[in-house]
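One structure is given below, encoded as structure tokens.
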Amino acid sequence: MLLEFPWLSLVIWLPIIGGIAVIASGEQNAELTKRIALGFALLTFVMSLPLWFGFDASTAAMQFVERSPWLPALGVDYYLGVDGISMPLILLTTFITIFVIIAGWDVISYKPSQYMAAFLIMEGIMVGVFSALDAILFYFFWEAMLIPMFIIIGVWGGPNRVYATIKFFLYTFFGSVFMLVALIYLYFQTGSFDILGFHAAPLGLTAQILIFFAFLLAFAVKVPMFPVHTWLPDAHVEAPTGGSVILAAIMLKIGGYGFLRFSLPIAPDASAQLDWLIITMSLIAVIYIGLVALVQQDMKKLIAYSSIAHMGFVTLGFFIVFAIFQRAETAGAVMGIEGGMVQMISHGFISGALFLCVGVLYDRMHTREISAYGGVINRMPWFGAFVVFFAMANAGLPGTSGFVGEFMVILAAFRADFWFAFLAATTLVLAAAFTLWLVKRVIFGDIGNDNVAALKDLNRRETLNLSVLAAATLAIGIWPKPLIDVMEPTIANLVQQIQVSKLPEGSDLVTPPIARLQP
Amino acid sequence: METVYLIIVLAPLFGAIVAGFFGGKIGRAGAHSVAIAGVGLSAVLSLWVLSRFIWHDEPAFNGSLYTWMVADGIRFEIGFLVDRLTALMMAVVTFVSLMVHIYTIGYMADDAHNWPENSLVGKNSYQRFFSYISLFTFSMLMLVMANNFMQLFFGWEAVGLVSYLLIGFYTTRESAISANLKAFLVNRVGDFGFILGIAAVVMYFNSLDYAEVFAQAPAHAETQVAVFGGVSLMTLICILLFIGAMGKSAQMPLHVWLPDSMEGPTPISALIHAATMVTAGVFMVTRMSPLFELSTTALSFVLVIGALTAFLMGLIGLVQNDIKRVIAYSTLSQLGYMIAALGASAYAAGIFHLMTHAFFKALLFLAAGSVIIAMHHDQDIRNMGGLKRYMPITWITALAGSLALIAFPGFSGFFSKDAIIEAVGHSQIAGAGLANLLLILGAFVTALYSFRLYFLVFHGEPRMDHHTRSHLHETPWVVTGPLIALAIPSVFIGWYAIEPLLVENWLGDAITVLHEHDTLHHLAAHWHGQREFIRHGMQTLPFWLSMGGLLMAAYYWWYLHQRNPGIDAELQERGGRFTRLLQDKYGFDDFNQRVFAGGGQLIGRFLWKRSDQRLIDGAVVNGSAKAVGWIAARARHLQSGMLYHYAFAMILGLVVLLTLFVTF
Chain A
1 MLLEFPWLSL VIWLPIIGGI AVIASGEQNA ELTKRIALGF ALLTFVMSLP
51 LWFGFDASTA AMQFVERSPW LPALGVDYYL GVDGISMPLI LLTTFITIFV
101 IIAGWDVISY KPSQYMAAFL IMEGIMVGVF SALDAILFYF FWEAMLIPMF
151 IIIGVWGGPN RVYATIKFFL YTFFGSVFML VALIYLYFQT GSFDILGFHA
201 APLGLTAQIL IFFAFLLAFA VKVPMFPVHT WLPDAHVEAP TGGSVILAAI
251 MLKIGGYGFL RFSLPIAPDA SAQLDWLIIT MSLIAVIYIG LVALVQQDMK
301 KLIAYSSIAH MGFVTLGFFI VFAIFQRAET AGAVMGIEGG MVQMISHGFI
351 SGALFLCVGV LYDRMHTREI SAYGGVINRM PWFGAFVVFF AMANAGLPGT
401 SGFVGEFMVI LAAFRADFWF AFLAATTLVL AAAFTLWLVK RVIFGDIGND
451 NVAALKDLNR RETLNLSVLA AATLAIGIWP KPLIDVMEPT IANLVQQIQV
501 SKLPEGSDLV TPPIARLQP
Chain B
520 METVYLIIVL APLFGAIVAG FFGGKIGRAG AHSVAIAGVG LSAVLSLWVL
570 SRFIWHDEPA FNGSLYTWMV ADGIRFEIGF LVDRLTALMM AVVTFVSLMV
620 HIYTIGYMAD DAHNWPENSL VGKNSYQRFF SYISLFTFSM LMLVMANNFM
670 QLFFGWEAVG LVSYLLIGFY TTRESAISAN LKAFLVNRVG DFGFILGIAA
720 VVMYFNSLDY AEVFAQAPAH AETQVAVFGG VSLMTLICIL LFIGAMGKSA
770 QMPLHVWLPD SMEGPTPISA LIHAATMVTA GVFMVTRMSP LFELSTTALS
820 FVLVIGALTA FLMGLIGLVQ NDIKRVIAYS TLSQLGYMIA ALGASAYAAG
870 IFHLMTHAFF KALLFLAAGS VIIAMHHDQD IRNMGGLKRY MPITWITALA
920 GSLALIAFPG FSGFFSKDAI IEAVGHSQIA GAGLANLLLI LGAFVTALYS
970 FRLYFLVFHG EPRMDHHTRS HLHETPWVVT GPLIALAIPS VFIGWYAIEP
1020 LLVENWLGDA ITVLHEHDTL HHLAAHWHGQ REFIRHGMQT LPFWLSMGGL
1070 LMAAYYWWYL HQRNPGIDAE LQERGGRFTR LLQDKYGFDD FNQRVFAGGG
1120 QLIGRFLWKR SDQRLIDGAV VNGSAKAVGW IAARARHLQS GMLYHYAFAM
1170 ILGLVVLLTL FVTF
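Chains A and B are the protein sequences, given in the same order. All the letters of the first sequence, read from the start, carry residue numbers 1 to 519 under my numbering. All the letters of the second sequence, read from the start, carry residue numbers 520 to 1183 under my numbering.
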């Protein structure tokens, strides 16, 4: 019964229906609409739990599958399912949304019901992205996701929100157009929009490379990777706190998810040929962006740049796999991808919490300038403790989730090439430098000015939010095994899959594709 | 036993959590009671464990607690390895920690005046301090009890975190929060090497477990890796791991954070920055002896770095006037001795000195803290003098600590330091000659700075202002009690421990020494008891140099300083460039500030303004937006609304299409 019930549809549509209900309740009774919104967010989270408890962690096959014809004329199905890659991301989505709703409770006074509704609808759409197994359905959710985010930044955003929304929209839209072309091409190759069917499609190298680049544009913008990252700091700065949290904690993960669901299995040979490109972009993200983060004067921009640097570890983990194959090795491949996945989940908690922390300060002082603060801990000791905790997690301190992913990726990168690991490990210094310097200037020190002197410590709602996220960060840091176990079969299977060349002349399991590509 | 080990680790953690989260509710007495109970329990149990190892031949324990994760077929475990080495470390750590806990009751009693009126952080600072030092004890125990590299790294970084929190304990002081940032970042530079070392271990051994790695190590003795033009795997691993030790144990050039760490309250300078955390590097290298033994290159590197630190940092101690900073440079120098011992494969001697140093250096710091309390937090030794009259217990214990530090015959430091110098003298590896010279000269420097400090603080006429002088008195028993408790081992432990540790090889399997590296067997071969060892020691150069340093300090004190208190300035004048070099601490701080801190920001700003904003956003993003806008503006003219324009366009299109069809 557990497996047959359409849990995925429920988790997608429940928040969307909830969003509509919240809008319908109007703006007259703000308290009531907030309660309805929170109720739906909580209920959605509870309904997503069976995906975890009922998940069979011994298989790489898709689970909780739902499939029925949607547009039969075009071969489009309503086709959902999850594996060890998407399931944790769906839970992350339903989990984080709760805190976004709570965080907006007191501070959103302009049309709160529409604000809450936008996040609920967003939640459903994002779950849709992670669970769609039909390319058109995926594309539908993928593009639909832009609309609520566009509205959230555009309506509740800061003074420069128009520039930010346009930049955000164009950047992401530009990327996804090419993805659509690739999806249609794959449809003509396989005769259906079944994503798993795409995985099996035999493709020549040129086709793979073109497809790879089409996907790369879409996913690199979302992650975001250097050099298509400049929309993110602007979007974060203008977005309301909740928008930033969703953006950092979940939307960026969709890019990483895309690489695993599309790029790697559909174009393994192209991925193997172009791994150097992604690895280079990832390492630039770690170092270049780390240095840029160091000199930011706006707290949100700093954390936005920090996000880009941390996401560099995700893409690095995904693509060092091919560099490992190149050495005729397979050990470390699974760990690299798993490390990237753990990094995504962990970054969801930590960056989400850090943006909430900035929100706490912004709600009180209405500025994000670092120089406007100083000595906050003197007035807000509990808040200060949380910030130091999340800063340490951001710097990858062992015992927090921030360590797990980075550690795994560094271990795997070392197997690929000493210098990859060397450059990646600079994050130990860089991330600590930009994060703790921020803490020093904002949290520590003598009370900087009268505004700081008037600050009040966290209220109950804020404390609750940060406590739960801190607990999650610690839990994964202390015992990541449950998370890894869920992903292991799926990722091991993926690694198997991408070792098999799709090139027509052969498909032996042993020789890595790259070995044949090189003279 | 597993339960006992678990209690030893978790009791301080429990104390930390209770004192930290509920400090406000349970009050000061509640917080220090629970913290002391936790650490006390773990100290008692640790001593019991040690006694089991000494008298009951307790077998080593190596077991997993839980599986952290399994990835790629590699098990990441959390577990304990308790052998004789660990048991010794546990006893030292928990005992010193317990003393520091008790001492803190007195030292932090009136902490409130260290905080500004309007600061809420100052409210429960007393309880928070107890929470931190208990948390530190937990972390340090995790470090020494780990049975695998990952848990070692956890402990390694966790003690770094607590050190960060404690150096910056006074969050309102700019100097404190700069010092803790610096400490954390410099340690991270070390950890950068450390994590790469771990990665190398995982790559070649496919395991993180000590036992498994050490068992496989000899098979990899000849393995070469194609990095840096080809080096031996063991050299690469050991040097990378040692870079971590250089950060944590403050070896040059990563030593720069330790003097600044004196911004923290004195109890933690004793516990963390003298007795325990900074010796983690020494412990780690000893634990990794099966790996280090396989790379003579790495051992030479370790030896030379240690000896350089021992000598050069001691010299800086001569020109410092802050009581804590003199002792801090002394710590750097003594850590150099321990590290040098490791380089000479005299791991047991390194651990021996670690232990004696833990006692006498913790004692010296706590005595300094006692002086600082009496001096109303004036730390300048130029303002002290004559304190022995007012603080007899502090005076006599500090004297015991100082004699131990300068290796005065019979005191604990004599046995451990002499053993190190002798071992390095027997070492045959590259750099041993230089190291030996530096360590011997270091003996002179150590005695000079130690007794300059001692005379200036305790002897002569009091130089403090009238108000301070009228309030001078001995500190309460919670302060003097731990001083006495630490003075006892500072004097005696060397006598009793040298035979089992260095002669009878008590550490046994816990360390590995190749026969050709064994520099301690001379000592064992010529062992005729402690008395003979002392007699022999008194005929060697280090002893005479040390006495020379002591006499020179006395000369400085009685003939120069007594007659002319402004002699320091004159000496500095005469020392010229040399003293200036020492006062600039060889320019490391300036260099780091300019090149790393300044350079990093400069590059960051350049990348942000030029690359991100001007190139990517300015030229590409906004440029293409503008280009689209420009094309659209042109294209708009096509939609003129005039029928003949459209008709013309259609005809043109038709012609082009027809041409294409005809041609292809």
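Ideal Cβ positions, reconstructed from N, Cα and C, are used throughout, including at glycine.
Please classify Gly-1118(B): is it buried, with 16 or more other beta-carbons within 10 angstroms of its beta-carbon, or exposed? On the second sequence, residue 1118(B) is found 599 positions in, with the first residue counted as 1. Gly-1118(B) counts as exposed, since fewer than 16 other beta carbons sit within 10 angstroms of its beta carbon.
Hey, quick one: how far does the beta strand (DSSP E) through Asn-581(B) stretch, first residue to last? Taking the first residue of the second sequence as position 1, residue 581(B) is located at position 62. Per DSSP, Asn-581(B) belongs to the beta strand (DSSP E) from 580–590.
Boundaries of the alpha helix (DSSP H) in which Arg-1153(B) is found, first to last residue: Working through the second sequence from its first residue, we reach residue 1153(B) at position 634. For Arg-1153(B), the enclosing alpha helix (DSSP H) has its first and last residue at 1141–1155.
Can you tell me where the alpha helix (DSSP H) with Phe-176(A) in it begins and where it stops? Here residue 176(A) refers to the residue found at position 176 of the first sequence. First, the residue type needs correcting, since residue 176(A) is Ser and not Phe in the sequence shown. Annotation for Ser-176(A): the continuous alpha helix (DSSP H) segment containing it runs 161–190.
Cβ of Tyr-288(A) within 8 Å of any chain B Cβ: By 1-based counting over the first sequence, the position of residue 288(A) is 288. So, interface residue.
So, are the CB atoms of Ala-881(B) and Leu-967(B) less than 8 Å apart? For the purposes of this step, residue 881(B) is taken as the residue at position 362 of the second sequence. For the purposes of this step, residue 967(B) is taken as the residue at position 448 of the second sequence. No.
Hey, could you find the ends of the beta strand (DSSP E) Leu-71(A) is sitting in? The sequence position of residue 71(A) within the first sequence is 71, counting from 1. For Leu-71(A), the enclosing beta strand (DSSP E) starts and ends at 63–71.
Where Arg-516(A) sits in the DSSP three-state scheme: The sequence position of residue 516(A) within the first sequence is 516, counting from 1. Only weak support exists for where Arg-516(A) lies, its pLDDT of 41 falling under 50; the coordinates are left without a value.
Within chain B, partners of Leu-210(A) - CB distance below 9 Å: Against the first sequence, residue 210(A) aligns to sequence position 210. Simply none; closest approach about 21 Å.
Exposed or buried, which one is Phe-188(A) when buried takes at least 16 other CB atoms within 10 Å? For this step, residue 188(A) is matched to residue 188 along the first sequence. Phe-188(A) counts as exposed, since fewer than 16 other C-beta atoms from the protein chains shown sit within 10 angstroms of its C-beta.
Here's a check: name, in chain order, each residue in its chain whose Cβ is nearer than 6 Å to the Cβ of Thr-511(A), leaving out the five neighbours to either side. Here the question's residue 511(A) lines up with position 511 in the first sequence. Only weak support exists for where Thr-511(A) lies, its pLDDT of 43 falling under 50; the value from the coordinates is given anyway. If we look at Thr-511(A) and ignore the five residues flanking it on each side, it has no Cβ neighbours.
One question on the structure: do Pro-148(A) and Lys-34(A) come within less than 8 Å of each other, judged by their Cβ atoms? Against the first sequence, residue 148(A) aligns to sequence position 148. Against the first sequence, residue 34(A) aligns to sequence position 34. Cβ atoms of Pro-148(A) and Lys-34(A): not closer than 8 Å.
So if I threshold CB-CB distances at 7 Å, which residues from the stretch 459–491 of chain A count as touching chain B? Against chain B - using a Cβ distance shorter than 7 Å - the residues of the stretch 459–491 of chain A are Trp-479, Pro-480, Lys-481 and Ile-484.
CB Ala-719(B) to CB Phe-761(B), shorter than 8 Å? Translated into the one-based positions of the second sequence, residue 719(B) becomes position 200. Translated into the one-based positions of the second sequence, residue 761(B) becomes position 242. Contact: no.
Drop a sphere of 10 angstroms on the beta-carbon of Asn-643(B), count the other beta-carbons inside from all chains shown, and report buried for 16 or more, exposed for fewer. By 1-based counting over the second sequence, the position of residue 643(B) is 124. When all chains shown are included, Asn-643(B) counts as buried.
Using CA atoms only, rank isn't needed, just tell me which of Thr-850(B), Ala-877(B) and Ser-814(B) is closest to Pro-737(B). Taking the second sequence and counting its residues from 1, the one referred to as residue 737(B) is at position 218. Taking only the C-alpha atoms, the option nearest Pro-737(B) is Ser-814(B).
So, for Asp-602(B): in the same chain, excluding its five sequence neighbours on each side, which residues have a beta-carbon less than 6 Å away from its beta-carbon? Translated into the one-based positions of the second sequence, residue 602(B) becomes position 83. Closer than 6 Å at the Cβ level, and outside the excluded window around Asp-602(B), lie Ala-579 and Ala-1029.
Assuming contact is defined by CB atoms lying nearer than 8 Å, are Ile-536(A) and Ile-443(A) in contact in what I supplied? Lying outside 1 to 519, the shown extent of chain A, residue 536(A) is not represented and no answer is given.
By DSSP, does Gly-979(B) sit in helix, in strand, or in coil? For the purposes of this step, residue 979(B) is identified with residue 460 of the second sequence, where counting begins at 1. Coil.
Against chain A, with Cβ distances strictly below 8 Å, would Ser-808(B) count as a contact? In the second sequence, counting from the first residue as 1, residue 808(B) sits at position 289. Chain A contact via Cβ: absent.
Cβ-heavy atom distance between Asp-363(A) and the ligand NAP below 7 Å? Although the ligand NAP was asked about, the structure shown includes no ligands whatsoever.
Residues of the stretch 693–717 of chain B whose Cβ lies closer than 7 Å to any Cβ of chain A, in chain order: Per Cβ criterion, the list reads Glu-693, Ile-696, Leu-700, Phe-703, Leu-704, Arg-707, Val-708, Asp-710, Phe-711, Ile-714 and Leu-715.
Using a Cβ cut-off of 8 Å (strictly closer), state whether Arg-327(A) contacts chain B. Position 327 of the first sequence, counted from the first residue, corresponds to residue 327(A). Among the CB atoms of chain B, none fall inside 8 Å of the CB of Arg-327(A).
Report back the beta-carbon spacing between Asn-666(B) and Asn-581(B) to the nearest angstrom; my notes put them in contact at under 8 Å. Indexing the second sequence from 1 puts residue 666(B) at position 147. Indexing the second sequence from 1 puts residue 581(B) at position 62. Between Asn-666(B) and Asn-581(B), the beta carbon gap of about 5 Å places them in contact (Cβ cut-off 8 Å).
Alpha-carbon to alpha-carbon, Gly-549(B) and Val-528(B): By one-based count along the second sequence, residue 528(B) stands at place 9. By one-based count along the second sequence, residue 549(B) stands at place 30. The alpha-carbon atoms of Val-528(B) and Gly-549(B) are separated by roughly 21 Å.
List the residues of chain A whose Cβ lies closer than 8 Å to the Cβ of Asn-1111(B), in chain order. Position 592 of the second sequence holds residue 1111(B). Residues of chain A passing the Cβ test: none, with the nearest at roughly 12 Å.
Contacts of Pro-381(A) in chain B (Cβ-Cβ under 7 Å): Counted from its first residue, the first sequence places residue 381(A) at position 381. Contacts between Pro-381(A) and chain B, judged by CB atoms closer than 7 Å, involve Leu-639 and Val-640 in chain order.
8 Å contact criterion, which Leu-700(B) and Lys-440(A) should meet: CB distance rounded: The residue you call residue 700(B) lines up with position 181 of the second sequence. The residue you call residue 440(A) lines up with position 440 of the first sequence. For Leu-700(B) against Lys-440(A), the beta-carbon gap comes to about 5 Å, under 8 Å, which counts as contact.
Measure how close the beta-carbons of Gly-312(A) and Ile-289(A) come, nearest whole angstrom, since I'm counting them as under 8 Å. Within the first sequence, residue 312(A) is the residue found at index 312, counting from 1. Within the first sequence, residue 289(A) is the residue found at index 289, counting from 1. With 8 Å as the limit, Gly-312(A) and Ile-289(A) qualify as a contact, their Cβ atoms being about 7 Å apart.
Spatial neighbours of Ser-9(A) within its chain, please: C-beta separation below 7 Å, excluding the five flanking residues on both sides. Within the first sequence, numbered from 1, the residue matching residue 9(A) stands at position 9. Cβ neighbours of Ser-9(A) beyond the five flanking positions: Glu-66 and Leu-80.
I'd like the ranges of any beta strand (DSSP E) spanning at least 3 consecutive residues and lying wholly in the stretch 1066–1145 of chain B. List check, beta strand (DSSP E) in window: nothing returned.
Mapping the DSSP letters down to three states, classify Ala-530(B) as helix, strand or coil. Residue 530(B) sits at position 11 when you count from the first residue of the second sequence. In the displayed model, Ala-530(B) falls within a helix according to three-state DSSP.
Determine which residues of the stretch 431–455 of chain A have a Cβ less than 7 Å from any Cβ of chain B, and write them out in chain order. Only those residues of the stretch 431–455 of chain A whose C-beta falls short of 7 Å from the nearest C-beta of chain B are listed: Ala-432, Ala-433, Leu-436, Trp-437, Lys-440, Phe-444, Gly-445, Asp-446, Ile-447 and Ala-453.
If you run the structure through DSSP and keep just helix, strand and coil, what is Val-1175(B)? Within the second sequence, the letter at position 656 stands for residue 1175(B). Per DSSP, reduced to three states, the secondary structure at Val-1175(B) is helical.
Rounded Cβ spacing between Ile-836(B) and Phe-879(B) (contact assumed at less than 8 Å): On the second sequence, position 317 is the one that residue 836(B) refers to. On the second sequence, position 360 is the one that residue 879(B) refers to. A small fix is needed here, since residue 836(B) is Gly in this sequence, not Ile. In fact, because the Cβ distance is near 15 Å, the residues do not count as touching under 8 Å.
Going by DSSP, what residues sit across from Ala-665(B) in a beta bridge? In the second sequence, residue 665(B) corresponds to position 146, counting from 1. The secondary-structure analysis by DSSP pairs Ala-665(B) across a beta bridge with Phe-599(B).
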